[in-house]
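Positions 63 to 403 (the numbering used here) are the ones given, in order, by the sequence shown.
Note that CB positions come from ideal geometry on N, CA and C, so glycine has one too.
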Amino acid sequence: MELVGLSLPLLALFVGFGFMVGVLFGFFGMGGSFLITPTLLILDYPASVAIGCGLAFYFGTSVIAVMKHYDVGQVDYKLGAVLFVVLSIGIELGSRLVFALEALGIANLVTGIAYVLLLAGIGALFLRRAYNLDEDDEDDDGVDDEEIPAVGQRIQSYTIPPMISLTSGGRASLWTISGAGGGVGLVSGLIGVGGGFMRMPAIYYLIGTPLTAAVGTSLFAGLFSGAFGTFTYGASGSVDLAVVGTLLVGSAMGARIGSAATTIVEEDDVIIYFGIMMVLASAGIALSELANWLGTDALDVLSVVLLVGSSFFVGLMILYQAAQNVEMDGSHTKATPDGGD
63 MELVGLSLPL LALFVGFGFM VGVLFGFFGM GGSFLITPTL LILDYPASVA
113 IGCGLAFYFG TSVIAVMKHY DVGQVDYKLG AVLFVVLSIG IELGSRLVFA
163 LEALGIANLV TGIAYVLLLA GIGALFLRRA YNLDEDDEDD DGVDDEEIPA
213 VGQRIQSYTI PPMISLTSGG RASLWTISGA GGGVGLVSGL IGVGGGFMRM
263 PAIYYLIGTP LTAAVGTSLF AGLFSGAFGT FTYGASGSVD LAVVGTLLVG
313 SAMGARIGSA ATTIVEEDDV IIYFGIMMVL ASAGIALSEL ANWLGTDALD
363 VLSVVLLVGS SFFVGLMILY QAAQNVEMDG SHTKATPDGG D
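Right, here's the structure in full:
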């Protein structure tokens, strides 16, 4: 039996997978294309359809998540607009680099290695950050949480004009923003993804905004590139509306829950979950590349388990932590029914 051209197991998989990726998307500010596109490729969808569906999913979920972040004031529109311009320039340069690598016959090898190293590196960076936060909590009881990482504060201390005032507080040099955004765009154009998993850490660490503002601004900056990519692939008939629609059904609720969870879940938990997510995804894509090289279907299956399973695991951990914090707040409220004196 089929619905909207999909078998019932595949329909259930896409709705559930879309929900969990939506939670991650709203929570971390990343498009999810690095999960959606490889999974569709492993499920034997053509490359153009997998990329087109990944971009369409990214655009649809971006709209939902940006609206939620706008409601709680977590989007820096000025910074997002500047990033969009420099991201577009970087993406164009990255795509030209791909064509040059194709002429040399090493494009697939370079992009595959870059994908694995980037995901693993970003994951390790955030896990190290979480470890340092735990050490700070043990050494300094009662110290306020650091909203901007030390490297971001140091970069902001270098006042190289022109400077741009950030909605979240502080100022950043246009050169810093251009370098961070252009670099992310270059790599994004090289490996063919939305780049949210790089864009959000760049905004957080290099430009120096609070984590929640980095998530919302990352979503806003990538919104327009997602729209352009969706239009481009849709015009060539490479967007499967049944796949995208079922993914978006699940992600519509998941993205809003994930966005709301950024104001409930502790910052160090956000960093830990993001790091785990990147490391597992890196391992999954590495196995997929190895499967292509060896021609082994078993490794393909294991790569799907890591890609899909990591999203379900981390998404469920976020929902559990958010529910636990809400329950604790409710218990505290009941303990002081009249608000004290």
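List the whole-angstrom C-beta distance separating residue i from residue j, where the pair is believed to meet the contact cut-off of C-beta under 8 Å.
i, j, result
"Val311", "Ala118", "Actually they do not touch by this definition, with Cβ atoms about 13 Å apart."
"Gly288", "Ser150", "Contact doesn't hold; Cβ gap of about 12 Å is too wide."
"Gly487", "Gly247", "As displayed, the chain neither begins before 63 nor continues past 403, which places residue 487 out of reach and without an answer."
"Gly156", "Thr308", "31 Å between Cβ atoms; not a contact."
"Val83", "Ser313", "6 Å"
"Val128", "Leu273", "At roughly 17 Å, the Cβ-Cβ gap does not stay under 8 Å, so Val128 and Leu273 are not in contact."
"Ile338", "Val376", "6 Å"
"Ile113", "Thr101", "Contact doesn't hold; Cβ gap of about 12 Å is too wide."
"Met225", "Arg233", "5 Å"
Under the three-state reduction of DSSP, which class applies to residue i: helix, strand or coil?
i, result
"Gly401", "Summary for Gly401: the model assigns pLDDT 45, below 50, so the residue's position carries little reliability; its value from the coordinates is reported in the next sentence. Of the three classes helix, strand and coil, the one that applies to Gly401 here is coil, per DSSP."
"Ser321", "helix"
"Leu364", "helix"
"Phe79", "helix"
"Leu189", "helix"
"Leu228", "coil"
"Ser240", "helix"
"Tyr120", "helix"
"Ile168", "coil"
"Tyr266", "helix"
"Tyr220", "coil"
"Gly371", "helix"
"Thr358", "coil"
"Leu105", "coil"
"Thr271", "coil"
"Val144", "helix"
"Gly204", "Here the model assigns Gly204 a pLDDT of 42, short of 50, so the residue's position is not dependable, and the following value carries that caveat. It is coil, neither helix nor strand."
"Ile98", "helix"
"Ile175", "helix"
Within a Cβ cutoff of 7 Å, which residues of the same chain sit near residue i, ignoring the five residues on either side of it in sequence?
i, result
"Ile380", "Val85, Phe89, Gly320, Ala323, Val327 and Tyr335"
"Gly174", "Glu351"
"Leu364", "Leu349"
"Val366", "Thr101 and Ile104"
"Phe286", "Phe146"
"Asn387", "Ile326 and Val327"
Using C-beta distances below 6 Å, list every residue in its chain close to residue i, excluding the 5 sequence neighbours before and after it, in chain order.
i, result
"Met340", "Leu181, Ile184 and Gly185"
"Leu368", "Leu342, Ala345 and Gly346"
"Gly243", "Leu145, Val148 and Leu149"
"Thr292", "Leu117, Ala118 and Phe121"
"Ser227", "Arg233"
"Ala353", "Leu361 and Asp362"
Would you list the residues sitting across from residue i in a DSSP beta bridge?
i, result
"Ser110", "Answer is none; Ser110 lacks a bridge partner."
"Ser300", "Ser300 is not bridged to any residue."
"Ala234", "Ile226"
Give me, in chain order, the residues of the same chain whose beta-carbon lies closer than 8 Å to that of residue i; leave out the 5 immediate sequence neighbours on both sides.
i, result
"Ile222", "Ser235, Trp237 and Thr238"
"Tyr295", "Ser110, Ile113, Gly114, Leu117, Ala118 and Val301"
"Asp206", "Because Asp206 carries a pLDDT of 40, less than 50, the predicted location of this residue cannot be relied on, and no value is offered for it."
"Gly78", "Gly312 and Phe374"
Would you call residue i buried or exposed, if buried means 16 or more other Cβ atoms sit within 10 Å of its Cβ?
i, result
"Phe161", "exposed"
"Asp106", "exposed"
"Met260", "buried"
"Pro108", "exposed"
"Ser110", "exposed"
"Gly316", "buried"
"Pro263", "buried"
"Val137", "buried"
"Gln218", "buried"
Flag residue i as yes when its Cβ comes closer than 8 Å to any non-hydrogen atom of the ligand FAD, and as no otherwise.
i, result
"Gly245", "In the structure on display, the ligand FAD does not appear, and there are no ligands present to speak of."
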